[in-house]
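Line order of the protein sequences matches chains A and B. When you read off a place in the first sequence, starting at 1, and then add 14, the result is the number in my numbering. When you read off a place in the second sequence, starting at 1, and then add 14, the result is the number in my numbering. Beneath this line is the structure, given in structure tokens, with notes to follow.
Number of protein chains: 2
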Amino acid sequence: MKALQITDNPKEKIKINEIPIPNASENEVLVRLTAAALNRRDQWIREDKYPNIKPYTTLGSDGCGIVEQVGSEADKDWIGKKVIINPNIGWGSNPKVQSPHYQILGMPTNGTFAEYVVVKTDRIHLKPEHLTDEQASALPLGGLTAYRAVFNYGEISEGDNVLISGVGGGVATLALQFALVAKANVYITSGDNDKIQQAIQIGAIAGANYKESNWNKDLLEKSKGFHLVIDSAGGKGFSDFIRMMKPAGRIIFYGATQGLPTTLDLYRAFYYQIKIQGSTMGNDQEFVDMVRLVDTNKILPIIDNVKPFSDIINAFDEIKSGKQFGKIVIKF
Amino acid sequence: MKALQITDNPKEKIKINEIPIPNASENEVLVRLTAAALNRRDQWIREDKYPNIKPYTTLGSDGCGIVEQVGSEADKDWIGKKVIINPNIGWGSNPKVQSPHYQILGMPTNGTFAEYVVVKTDRIHLKPEHLTDEQASALPLGGLTAYRAVFNYGEISEGDNVLISGVGGGVATLALQFALVAKANVYITSGDNDKIQQAIQIGAIAGANYKESNWNKDLLEKSKGFHLVIDSAGGKGFSDFIRMMKPAGRIIFYGATQGLPTTLDLYRAFYYQIKIQGSTMGNDQEFVDMVRLVDTNKILPIIDNVKPFSDIINAFDEIKSGKQFGKIVIKF
């Protein structure tokens, strides 16, 4: 089968290789992929910006496909079922935080950028019927991360003013969709005015371009303050959030692509009882809850474009450029 | 009666004045104070480092006394009872955060540094029997702040490794006592080695002097990491806490006496799902719960020294020096 792998060749860091189709062992299933989606993580691994990279691992955390083989007789009813894959491996018993053995599918275990993938049976879930395979493949990693940030740590309530930074990214765009389902008033930021307009078409109230100096004042005036911020940028703008929060506001961050903040107004933060909460991925129960939320509310993950598997290296380049709005999906 | 008031004289910012004994109106009680305790807030008001200072207000947030008069017939059973006073005024209906009308007893309403004080009947609670009047007066503001930080936001559990910075301060010392009752492993910091020894005598496992360069490495080695930090210093040390946290750790801060941090390791904080939570005071239910905790566990608030009311200006000077371990109490 064909598989997109990380190599040990510095000039050609990722490459489609021909490798054997794996077999499902006990408590495992073999899934023939119909669609897979990219995450920034995949490109970071390509750029060597990720710990513990193991050459000749098949990348890819997000996938949808059909179960073709089971390793245990007890799992035989799964054969022929259309499934999505929970990319968590070894979260562990503490719902609050992943265990030291935690991994994400696609490094160091073989992932979804291949014609077939083997995963534990407890990682697969029936694809929600309202989704195409491409839409379903766009859901797992981004949906899980957004769900934990918005619902668990974010404690979102109807009528909350919510600010989601960097809309267009997979997690941010799903967070926008989840916040709308929760009947929040959603505001967004982007460095790209077209993305701001796209988010407004989806249901955001207003947005601001964080490259403009007044972005924070502008959003503060429009919103009268935020109950919840969902951020993955960090950097200088992170300090600005403190000023923009309502009392008992929550700032949830799942990344820091713009680096670290240079200050933090602890005075305002303690007086107004503001929570600043780090978040990454989500536990297995949250995965189940996220899929149910998407199913119940018929949420359609937003896809920027779909490419054939043969074109996957271009998909990586697009992820790097950051121009996409929603997910880039690979069709098999 | 005699009352310690803030003046409008820049040379003599606080002064004992002779003023009339107030009367209890409807839903109010007149309490004859037997003991009152100082908080840093009182000295900050003296130094003009507090918003909305109203001259000729009687200072003082913490007090214990005897109800001598009630403004409503329904409250007559309170007469003669020994009570402590909840210093919250107008917290409001949201348990998560104080309302915009929130005040603390002793500015801008008249407080406990007087022979008598009038408060709403719902602010008084029976003094726990195991406490002397001096010990009871040491409890309200510090106990409430410590309770919310340790139990509500801190989510303390038996066996947690807890770091309390700046031990000796009223809130920090009560937080130490509360954390011990919760069966946590408590570590402390101070700028004073004598205070570290005093905290160890009370039950802390170990401490470090934050004026020494290795304080953080030292505590990290001894503890193997913290589940919970309770801080009111902020400053450079605040950034160090991030490195010292266990996964899913909580950093709760109720002040920033050392100023603002200059960076914050968001990368570690999001990967390990760390919470950084601002906290101030606590709601009225937490006050009730705090008094019950003290009563049930026969906690004795730590008193540095007791002074007669005539010596209260020296008590302010002592608070400023920061040399005390536990509360400075005024006896009437």
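Backbone N, C-alpha and C fix where the C-beta goes; we use that ideal spot for every residue, glycine too. This structure is a prediction, so every number in the text was calculated from the model and none was measured.
Those residues which DSSP pairs with residue i across a bridge
i, result
"residue 102 of chain B", "B:118"
"residue 139 of chain A", "A:98"
"residue 281 of chain A", "Answer is none; residue 281 of chain A lacks a bridge partner."
"residue 203 of chain A", "A:222"
"residue 32 of chain B", "B:16"
"residue 51 of chain B", "B:76 and B:343"
"residue 289 of chain B", "A:291 and B:264"
"residue 259 of chain B", "B:240"
"residue 183 of chain A", "A:181"
"residue 317 of chain B", "B:341"
"residue 44 of chain B", "B:83 and B:132"
"residue 245 of chain B", "B:267"
"residue 176 of chain A", "A:200 and A:242"
Check whether residue i and residue j have beta carbons under 7 Å apart
i, j, result
"residue 168 of chain A", "residue 266 of chain A", "yes"
"residue 326 of chain A", "residue 340 of chain A", "no"
"residue 163 of chain B", "residue 64 of chain B", "no"
"residue 46 of chain A", "residue 116 of chain A", "no"
"residue 282 of chain B", "residue 244 of chain B", "no"
"residue 277 of chain B", "residue 274 of chain A", "yes"
"residue 51 of chain B", "residue 151 of chain B", "yes"
"residue 77 of chain A", "residue 99 of chain A", "yes"
"residue 298 of chain B", "residue 105 of chain B", "yes"
"residue 179 of chain A", "residue 270 of chain A", "no"
"residue 72 of chain A", "residue 125 of chain A", "yes"
"residue 143 of chain B", "residue 85 of chain B", "no"
"residue 213 of chain A", "residue 181 of chain A", "yes"
"residue 53 of chain A", "residue 155 of chain A", "yes"
"residue 110 of chain A", "residue 262 of chain B", "yes"
"residue 28 of chain A", "residue 20 of chain A", "yes"
"residue 252 of chain A", "residue 57 of chain A", "no"
"residue 222 of chain A", "residue 233 of chain A", "yes"
"residue 225 of chain B", "residue 205 of chain B", "yes"
"residue 122 of chain B", "residue 68 of chain B", "yes"
"residue 347 of chain B", "residue 38 of chain B", "Here chain B comprises residues numbered 15 to 346, so residue 347 of chain B is not present and cannot be evaluated."
"residue 313 of chain B", "residue 191 of chain B", "yes"
Burial state of residue i (16 or more Cβ within 10 Å)
i, result
"residue 70 of chain B", "exposed"
"residue 48 of chain B", "buried"
"residue 83 of chain A", "buried"
"residue 175 of chain A", "buried"
"residue 199 of chain A", "buried"
"residue 120 of chain A", "buried"
"residue 61 of chain B", "exposed"
"residue 237 of chain A", "buried"
"residue 241 of chain B", "buried"
"residue 55 of chain A", "buried"
"residue 107 of chain A", "exposed"
"residue 306 of chain B", "exposed"
"residue 289 of chain A", "buried"
"residue 136 of chain A", "exposed"
"residue 166 of chain A", "buried"
"residue 87 of chain B", "exposed"
"residue 300 of chain B", "buried"
"residue 208 of chain B", "exposed"
"residue 173 of chain B", "exposed"
"residue 79 of chain B", "buried"
Rounded Cβ spacing between residue i and residue j (contact assumed at less than 8 Å)
i, j, result
"residue 118 of chain B", "residue 43 of chain B", "Between residue 43 of chain B and residue 118 of chain B the Cβ distance is about 18 Å, and since that is not below 8 Å, they are no contact."
"residue 74 of chain B", "residue 18 of chain B", "7 Å"
"residue 149 of chain B", "residue 315 of chain B", "5 Å"
"residue 284 of chain B", "residue 293 of chain A", "6 Å"
"residue 210 of chain B", "residue 202 of chain B", "7 Å"
"residue 342 of chain A", "residue 127 of chain A", "Between residue 127 of chain A and residue 342 of chain A the Cβ distance is about 12 Å, and since that is not below 8 Å, they are no contact."
"residue 258 of chain B", "residue 228 of chain B", "Residue 258 of chain B to residue 228 of chain B, Cβ: 13 Å. No contact."
"residue 308 of chain B", "residue 140 of chain B", "Not a contact, Cβ separation roughly 12 Å."
What residues from the segment 102-122 of chain B come within 9 Å of chain A, judged by C-beta to C-beta, listed N to C? When CB distances to chain A are screened at a threshold of 9 Å, the residues of the segment 102-122 of chain B falling below it are 108, 110, 111, 112, 113 and 114, in chain order.
Proximal residues, the segment 285-313 of chain B versus chain A, C-beta separation under 8 Å: Within the segment 285-313 of chain B, the residues whose Cβ lies closer than 8 Å to some Cβ of chain A are 285, 286, 287, 288, 289, 290, 291, 292, 293 and 294, listed in chain order.
Interface residues of the segment 230-249 of chain A facing chain B [CB-CB below 7 Å]: Result list: 248.
What residues in the segment 57-77 of chain A have a beta carbon less than 7 Å from any beta carbon of chain C? Annotation note: the requested chain C is absent from the structure, which comprises protein chains A and B.
Using a beta-carbon distance cut-off of less than 8 Å, what residues from the segment 252-275 of chain B approach chain A? Listed in sequence order: 252, 261, 262, 267, 268, 269, 270, 274 and 275.
For the segment 156-184 of chain B, list every residue whose C-beta sits within 7 Å of some C-beta in chain A, in sequence order. Only those residues of the segment 156-184 of chain B whose C-beta falls short of 7 Å from the nearest C-beta of chain A would be listed, and there are none.
Taking a Cβ distance cut-off of 9 Å, strictly less, list which residues of the segment 191-209 of chain B are near chain A, in chain order. Flagged: no residues at all.
According to a CB-to-CB cut-off of less than 9 Å, which residues of the segment 42-58 of chain B neighbour chain A? Those residues of the segment 42-58 of chain B that come within reach of chain A (Cβ to Cβ, closer than 9 Å) do not exist; the list is empty.
Which residues, in chain order, does the segment 209-222 of chain A contribute to contact with chain B at a C-beta distance below 7 Å? Residues passing the 7 Å Cβ filter: none.
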